[in-house]
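Working notes, structure below.
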Amino acid sequence: MSITVVGSVAYDTVTTSYGKSIKQLGGSAIYFSIAASKFTNVYPVGVYGDDFDNSDIKLLLDNSINISNLKKEKGKTFFWAGVYDNNDINSRKTITTDLNVFEKFVPELDNTAKKSDIIFLANINPELQLDVLNQCKNINPSSFVGLDTMDLWINNSIESLNKVIFKSNVIMIDQYEASALSMVNNLKDAGLKILESGVDFVVIKKGEHGVLIFNKDYEISIPGYLTNIVKDPTGAGDSFAGTFFGYLDKIGNEYTSDNIFIATVLATV
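Residue numbering for the sequence shown follows my numbering, starting at 9 and increasing by one per position.
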């Protein structure tokens, strides 16, 4: 059993009401992989620059993550800087986005990564998602596909995104993205409408308010795991996805309502 994830490898400078962290390890492929590695074998696909620290490579290896599909290129690693609202940790302002080596990233998967039972398309350009999806489906047509996206792609690349959604089994988005994608404000109506696009499951993340899951046969509402202090939300959604799919892969990819419920509960902690 294994999971292949395509996403970003990054350094982030994050400012919250608790302080500022400069050039900390970030990226969707990183956080997803570390979370999923607690359950199964993971093959992250991505690119990093020659400024990527050896200690960060060691972190991945220490978690038994296969890095053969992470490519090193000349230049700097993708960099993002942002500030989170002091009164609402779910709200942030982007200060800097430097794509660097990620700008010309062309995913190239080895045969082992293409054969994974689960493919997770993290939040990147839908054209890249589609490229990876096609590479994997040519080798393993029965692979189970998870998808993450954001308002940038919903607003500017909806045609390509719809192609990816049509070929995916699960879409994971937050409540604002669900409304934007469905053009419906009520979250239940939004979830049901997105189901019509062809996916088997719609997972709507609501932060501390929990998760809504929609399937043609059932709907699940799960509360969030409450905590008094959130100092840095970096990687929260990707860690959620990594745990969710990691657990499902470990138990043999049986997508019953009970298993989906347990995977979601584990992912919220």
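Glycine included, every Cβ here is placed at the ideal spot set by N, Cα and C.
Bridge pairing for F222: V210 and E227 [DSSP]. Taking a cut-off of 8 Å for Cβ pairs, the region 9-29 and the region 81-96 touch, as three or more such pairs fall below it. Sorting I259, K31 and T276 by C-alpha distance to the C-alpha of T105 places K31 at the top. For the pair of segments examined, the region 119-138 was found to touch the region 151-160: the number of CB pairs separated by less than 8 Å reaches three. Setting aside the 5 residues that flank it on each side, G199 is surrounded in the same chain by A186, V210, I212, L220 and F222, each with a C-beta closer than 7 Å to its C-beta; the list follows chain order. Annotation: T242 to E167 spans about 29 Å, alpha carbon to alpha carbon. F113 sits buried, since 16 or more C-beta atoms from the chains shown fall within 10 Å of its C-beta. Distance check between L117 and each of N193, N94 and V53 places V53 closest, using alpha-carbon atoms only. A straight-line Cα-Cα distance of about 14 Å links K66 and S41. Excluding the 5 residues flanking it on each side, K79 has same chain C-beta neighbours closer than 7 Å at V55, in chain order. Under the criterion of beta carbons closer than 8 Å, L189 and I181 qualify as touching, at roughly 7 Å. Residue pairing by DSSP places D182 opposite K213 in a beta bridge. Only residues of its own chain outside the window of five on either side were considered, and among them F252, Y255 and L256 have a CB closer than 7 Å to the CB of A271, listed in chain order. Secondary structure at V172: helix, using DSSP grouped into helix, strand and coil. In the displayed model, A37 falls within a helix according to three-state DSSP.
In the DSSP annotation of this structure, S205 is not part of any alpha helix (DSSP H), being labelled neither H nor E. The C-alpha of K214 is placed about 14 Å away from the C-alpha of N193. When beta bridges are read from the DSSP output, G54 appears opposite L78.
By the neighbour-count criterion, in which a residue is buried when 16 or more other Cβ atoms sit within 10 angstroms of its Cβ, L160 is exposed.
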